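S.K.:
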Amino acid sequence: MRPLYLLSMPGGGEWLWILIAIIVLFGARKIPGLARGIGQGMKEFKDAKDGKEGDKKEEKKQAD
């Protein structure tokens with residue numbers, strides 16, 4: 147067995163099992179909120195990486 151094979155991305159069957167595990171762990175009702183939180187976190191990270199966080203703070207100060 148080659149070591150690179152162990153590091154490859156999951157295939158279709160593995161993704162299905164991962165999805166089932168997430169549904170079992172979090173419940174179907176909490177998944178949209180979980181996905182929303184992950185999306186907001188990713189957006190904040192991207193904005194901070196691009197330097198947009200300072201712009202938002204300046205806009206809030208000017209609005210006050």
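Residue numbering for the sequence shown follows the working numbering, starting at 147 and increasing by one per position. No residue lacks a Cβ here, since even glycine has one placed at the ideal position from N, Cα and C. Since we're looking at a predicted model, the values are computed, not measured.
1) Identify whether residue 173 lies in helix, strand or coil by the three-state DSSP scheme.
2) Determine, using beta carbons only, whether residue 180 and residue 191 come nearer to each other than 8 Å.
3) Could you tell me the distance, in whole angstroms, from the CA atom of residue 186 to the CA atom of residue 176?
4) Hey, would you say residue 164 sits closer than 8 Å to residue 156, going by beta carbons?
M.R.: The structure says:
1) Taking the first residue of the sequence shown as 1, we reach residue 173 at position 27. In the structure shown, residue 173 sits in coil (DSSP, three-state: anything other than H, G, I, E or B).
2) Against the sequence shown, residue 180 aligns to sequence position 34. Against the sequence shown, residue 191 aligns to sequence position 45. No, the Cβ-Cβ distance between residue 180 and residue 191 is not below 8 Å.
3) For the purposes of this step, residue 186 is taken as residue 40 along the sequence shown, with counting starting at 1. For the purposes of this step, residue 176 is taken as residue 30 along the sequence shown, with counting starting at 1. Answer to the nearest angstrom: the Cα atoms are 16 Å apart.
4) Your numbering for residue 164 matches position 18 in the sequence shown. Your numbering for residue 156 matches position 10 in the sequence shown. Yes, these two residues count as a Cβ contact at 8 Å.
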